[in-house]
Amino acid sequence: MNLSNVCDEIKPSAIRRMFNKALEFDSPINFALGEPDFTASDNVVEAGCKAIKEGQTKYTANAGILSLRRAISNNLEKQTNIFYEAETSIVVTPGAMGALYLSLKTVLNKNDEVIINGPYWTNYVQQVILNGGKPIFVRTLEHQDFDLDLNALQNAVNTKTKAIIINSPANPTGGILSHNTLQAISDIAIRNDLFVISDEVYKYITYDGHQYKSIAEFDGMKERTIIVDSFSKTYAMTGWRVGFAAGPAEIIGNITKFQEDTAACAATPCQYAALEALEGSQNHLKHMVTQYKMRRDYLCNAINSTPLLSCNVPKGTFYLFVNIRDTGMTSEAFAMSLLEEKQVVVVPGTAFGEMGEGYVRISYATSMETIKEGVSRIQEYIEKIC
Ligand SMILES: Cc1ncc(COP(=O)(O)O)c(C=O)c1O
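Be aware that the sequence shown starts at 176, since it is given in this note's numbering, and climbs by one per residue.
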């Protein structure tokens, strides 16, 4: 068939390959999940059901229901001290992915370069390519607690650079960009007239008092930053598909226009559920973060006391990026062999770009019982190859 060239440019992710391979085994221990093992809280589920029963099942405005945009605006103002006008500067989208895709559509021309902090969530690359842009990678460094290599960032900027995507707290490393790094990125963005797309979907999943700060809060940044966020991770609502973009009115207006031509709007009952998630009790979120922290602590201790393996203690998210270099194996070989020998599924670091070589990602969005069984299998595996 004579299809678009982009069909060949977009490759299925290595995470998908691991999932497919894992299907060959009866009941593997799955550390590959990129979503909370919790479900949305009862009040959120009830709000979604109520909306359906009350007939809130038609299209909404392309930008989403105003009450939800107002709640997002209040929440952002509380968190960042920045006011985003609900009517003009916020658009509700099908997940953060919807917001990210249309943000890139709004700012990119063909062959514009987009800098991505890596190891990175793979969809950034695919979305940049789908929008005709060229992804350029700048690494975050393990020995700097997965903060950005600022020299590399400075060197990556040229006249074709249009935007920088940052993700903090980051998938897959669990790192949080430091205040100094955010300031340096802001300076570079302002000096070179760049947009910053700030993916903040893990902003509430942080530990040990690590406070999240949005780059939009830095001087001169609100007018060039698009905040991309969603209800997926914060409220365990991955399948509900509600996210949003907040940014300059001109950009949000264009995203809203494009949304009319693509999804039309985020699913209506889910928007009402998201409204309840923001306005109702935040206890479920607190409970989830407490559980993630207990799991993180257990896993970090176990991994760091296992020969050949080590990891930084993640500051946020529910991922552990484990250094496996001392095994002498590639990430992919390690992950495949661990699966075949012990039926434990981890994601090879290279699923997050070449910079992920030498690592595997373990998701602790799974029960403590599963984590304990998985850890003991990993330790048996390491004993065998030692
Ligand atoms: C960094 C990052 N951004 C965005 C998303 C997608 O979020 P959503 O479900 O809201 O589209 C994910 C999902 O794994 C993610 O890890």
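The beta carbon of each residue, even a glycine, is placed where N, CA and C say it ideally should be.
Exercise. Can you list, in chain order, the residues of its chain whose CB lies under 8 Å from that of LEU460, leaving out five sequence neighbours each side?
Worked result: TYR379, THR409, TYR410
Exercise. Quick one: any contact between the region 179–190 and the region 518–536, if contact means 3 or more CB pairs under 8 Å?
Worked result: yes
Exercise. With C-beta atoms as the reference, is LEU305 less than 9 Å away from VAL181?
Worked result: yes
Exercise. Between which two residues does the beta strand (DSSP E) harbouring SER538 extend?
Worked result: 534–538
Exercise. Any heavy atom of ligand 1 closer than 8 Å to the Cβ of THR437?
Worked result: False, no ligand heavy atom lies under 8 Å from that Cβ.
For this session: Please list, in chain order, all residues with a C-beta atom less than 6 Å from at least one heavy atom of ligand 1.
Result: Qualifying residues come out as GLY209, GLY270, ALA271, MET272, TRP296, ASN342, ASN346, ASP374, VAL376, SER405, SER407, THR413, GLY418.
For this session: Assign GLU375 to buried or exposed, taking buried as 16 or more other Cβ atoms, counted over all protein chains shown, within 10 Å of its Cβ.
Result: buried
Problem set entry | Inter-residue spacing [alpha-carbon to alpha-carbon] between GLU221 and ALA261 | 25 Å
For this session: Starting from the N-terminal side, write out each stretch of the alpha helix (DSSP H) that is 4 residues or longer and does not extend beyond the region 494–538.
Result: Within the region 494–538, the complete alpha helix (DSSP H) runs of at least 4 residues are 506–517.
Exercise. Would you say ALA338 and VAL289 are within 9 Å of each other, going by their C-beta atoms?
Worked result: yes
For this session: Work out the CA separation of THR437 and TYR276 for me, nearest whole Å.
Result: 11 Å
For this session: Just list the beta strand (DSSP E) runs in the region 377–448, keeping only unbroken ones of 3 residues or longer that don't cross its boundaries, in chain order.
Result: 400–405, 418–421
For this session: Answer yes if the region 413–420 comes into contact with the region 253–272, meaning at least three C-beta pairs across the two stretches below 8 Å, and no otherwise.
Result: yes
Problem set entry | Within 9 Å, strictly: CB atoms of PRO294 and THR348 | yes
Exercise. Quick one: complete alpha helix (DSSP H) runs, 4+ long, within the region 203–271?
Worked result: Listed in chain order, they are 217–228, 241–255, 261–264.
Problem set entry | Beta-carbon contacts of ILE185 that lie in its chain and below 8 Å, excluding the five residues immediately before and after | GLN301, ILE304, LEU305
For this session: Within 10 angstroms of the Cβ of ASP383, are there 16 or more other Cβ atoms? Answer buried if so, exposed if not.
Result: exposed
For this session: In the DSSP assignment, find the beta strand (DSSP E) that holds ILE339 and state where it starts and stops.
Result: 336–342
Exercise. With DSSP run on the structure shown, which of helix, strand or coil describes GLU199?
Worked result: coil
For this session: Locate the alpha helix (DSSP H) running through LEU352, then write down its first and last residues.
Result: Segment: none, LEU352 is in no alpha helix (DSSP H) and carries neither H nor E.
For this session: Would you mind reading off the limits of the beta strand (DSSP E) that contains ASN292?
Result: 288–293
Exercise. Do you know whose CA, among THR465, CYS440, ALA420, lies nearest TYR234's CA?
Worked result: The shortest C-alpha to C-alpha distance from TYR234 to any of THR465, CYS440, ALA420 is the one to CYS440.
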